[in-house]
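A.B. asks: Got a structure here, written out as structure tokens. Questions coming.
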Amino acid sequence: MTIEIDLPSSRIANTIYASLLPETRQPPGFRSQTTVRREGRVLRLNIEAEDIVALRAASNTFLRFVLVAIKTLNVVAPFYRAGESDPLLGQLGK
Numbered sequence: 121m122t123i124e125i126d127l128p129s130s131r132i133a134n135t136i137y138a139s140l141l142p143e144t145r146q147p148p149g150f151r152s153q154t155t156v157r158r159e160g161r162v163l164r165l166n167i168e169a170e171d172i173v174a175l176r177a178a179s180n181t182f183l184r185f186v187l188v189a190i191k192t193l194n195v196v197a198p199f200y201r202a203g204e205s206d207p208l209l210g211q212l213g214k
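Counting in the working numbering, the sequence shown runs from 121 upward without gaps.
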């Protein structure tokens, strides 16, 4: 399964990419393997799993990681905000 997440800027994409990278390094024995790539402002998560339960668990986990990173950026980097709108959460939902 491949998940593509289009972010407002390549800088934000790179920050989130760097935060996800350590989570992709797992010892052998896990039922899923996730790789993450950044292409400009797009993050691509590729999740391979032995079964549908492992696929669902891995996808939920990594989507939560991305959401936490976005929420963290909203707290520590208010210069990403434009007026009243919230460009980071606006694309993924609150």
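Quick reminder that beta carbons are idealized off the backbone N, C-alpha and C, glycines included.
1. Compare the Cα-Cα distances from L141 to each of A197, N166 and V195 and report the closest residue.
2. Work out the CA separation of R176 and L187 for me, nearest whole Å.
3. Going by DSSP, what residue range makes up the alpha helix (DSSP H) through A273?
4. By Cβ distance, which residues of its chain are closer than 8 Å to F185, with the 5 residues on each side in sequence left out?
5. Mapping DSSP to helix, strand and coil, what is R151?
C.D. replies: Per the coordinate set shown:
1. N166
2. 16 Å
3. The displayed coordinates of the chain run from 121 to 214. Any statement about residue 273 would go beyond what the structure contains.
4. S139, L140 and E143
5. coil
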